[in-house]
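Written below as structure tokens is the structure these notes are about.
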Amino acid sequence: MLATGVIGLRHLPIKSNPAIWRLEKEVQSLILKVVKESDGAKSEKDLLQMILEGAKDGHLSGDEMDRFIVVNYKNIYLVGYETIAVTASWTTLMLLASNRDWQANVHEKINQVCAGQSPDSDMNSKMKMEEQMTMVIHESLRLYPPAAIFSQEAQHDIKFGDVLVPKGVTAWTPFTLISTFGDPT
Numbered sequence: 021m022l023a024t025g026v027i028g029l030r031h032l033p034i035k036s037n038p039a040i041w042r043l044e045k046e047v048q049s050l051i052l053k054v055v056k057e058s059d060g061a062k063s064e065k066d067l068l069q070m071i072l073e074g075a076k077d078g079h080l081s082g083d084e085m086d087r088f089i090v091v092n093y094k095n096i097y098l099v100g101y102e103t104i105a106v107t108a109s110w111t112t113l114m115l116l117a118s119n120r121d122w123q124a125n126v127h128e129k130i131n132q133v134c135a136g137q138s139p140d141s142d143m144n145s146k147m148k149m150e151e152q153m154t155m156v157i158h159e160s161l162r163l164y165p166p167a168a169i170f171s172q173e174a175q176h177d178i179k180f181g182d183v184l185v186p187k188g189v190t191a192w193t194p195f196t197l198i199s200t201f202g203d204p205t
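Going by my numbering, the letters in the sequence shown line up with residues 21 to 205, in that order.
What follows is the structure, given as structure tokens:
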């Protein structure tokens, strides 16, 4: 039996836990090595840079900062970007196939941008700028989000109105709730 199946079992020194602990430390050290190598580099603002900025903006230091970086890096990297991209693509195609009017609009925009040529990266960028194309993608993601739940661990005590969320508590938010809030302005 793996130590991940029962709450609290992963903290006990049963047979499989030392190997799990060793692998977790190795993964953490590899992630932190990548982070330290990229922290000094002046590169384009990428996802890793945004995680680093979030850790620094959260006034975290030492082990808290390392934990924040590792947890967020794992969440983003290991979840499977390609899986989400493929799912979003198929969802968009399925919705377009079920709505002939929008399908015709998208075909028209593609034909305008590509002018009978095979799409390249410049054409893809131009298509992203088209309002209707963006609307189709956003609506697909709103209706069928690629992940069901967003989780985040509180790095310090946070108060939302009358609710206190203590440091270390993980908040789980269904994406369907996030997408129903609408435009805050």
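All C-beta atoms in this analysis are idealised placements derived from N, C-alpha and C, irrespective of residue type, glycine included.
- Less than 8 Å divides the Cβ of residue 188 from the Cβ of residue 174.
- Nearest Cα to residue 75 within the set 179, 140 and 88: 88.
- Taking 8 Å as the cut-off, the Cβ atoms of residue 55 and residue 43 do not count as close.
- Counting the other CB atoms within 10 Å of its CB gives residue 34 a total below 16, which places it among the exposed residues.
- When the beta-carbon positions are compared, residue 116 and residue 122 come within less than 8 Å of each other.
- The C-alpha of residue 92 is placed about 11 Å away from the C-alpha of residue 51.
- When DSSP reads this structure, residue 171 sits in a beta bridge with 192.
- When Cβ pairs closer than 8 Å are counted between the two stretches, the stretch 150-157 is seen to touch the stretch 128-141, the count reaching three or more.
- Ranked by how close their Cα comes to the Cα of residue 103, the residues 183, 166 and 178 have 166 in first place.
- Setting aside the 5 residues that flank it on each side, residue 105 has no residue in the same chain whose C-beta is closer than 6 Å to its C-beta.
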